[in-house]
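As structure tokens, the structure follows; a few thoughts come after it.
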Amino acid sequence: MGFFLMLRDGTLSSLQEGVFRTNCIDCLDRTNVVQSMLAHRNLEIVLKKLNILQQNQHLEEQISFEVLFKNVWADNADVISIQYSGTGALKTDFTRTGKRSRVGLLKDGLNSLQRYYKNNLMDGFRQDAIDLFLGEQLLFL
């Protein structure tokens, strides 16, 4: 992956070597889980390069930071998902804790049912408006 880093004196210390592109049909849920893992891994590399973490240290050892990172990431996933689908993100129990739970599975089931209802019964008008705005809808007068 790599990252761009220029030191205060203008010396180029590191160049970004590429970009990870992760997406599915709606860029929610599983995509968010993968992106959180990639971000976590890259952040550890950056912190080691800046000597904030020692080479033998791992981000997972910084418990208070880990809790903050995972919760901020999961909260952001919920906000994006609510904006896009009208429900919270799926699999946030995994993003927050690193494992699935029964409560998380039940919450995902409820969110999936809500998404199905909204997608099939409530979103028609909104989709028609978006299609019209994008010029994808033909109007017959």
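Numbering-wise, the sequence shown is residues 35 to 175 according to my numbering. For every residue, glycine included, the Cβ atom is placed at its ideal position computed from N, Cα and C.
Top-ranked residue by Cα proximity to residue i, from the options
i    : options                   : result
S47  : F54, F37 and T65          : F37
G52  : L72, T45 and M40          : L72
S146 : L166, D162, S119 and G169 : S119
L140 : L77, K125 and E95         : K125
D109 : L168, E170 and L62        : L62
Beta carbon of residue i nearer than 8 Å to that of residue j
i    : j    : result
K83  : L49  : no
T131 : Q148 : no
S135 : W107 : no
Residue range of the unbroken beta strand (DSSP E) whose run includes residue i
i   : result
L81 : No beta strand (DSSP E) contains L81, which is instead part of the alpha helix (DSSP H) from R64 to K83.
Per DSSP, the bridge partner or partners of residue i
i   : result
M40 : L46
Cutoff 7 Å; reference residue i; Cβ partners in own chain excluding five residues on either side
i    : result
N105 : R130
E94  : E100
Endpoints, the alpha helix (DSSP H) within which residue i is located
i    : result
K104 : I97 to S119
A163 : G158 to F167
N145 : R136 to Y151
F128 : T126 to T131
Cβ shell of residue i (< 8 Å), same chain only, five flanking positions each side left out
i    : result
Q88  : K82
F128 : V67, R134 and G138
Cβ shell of residue i (< 6 Å), same chain only, five flanking positions each side left out
i    : result
K152 : G120
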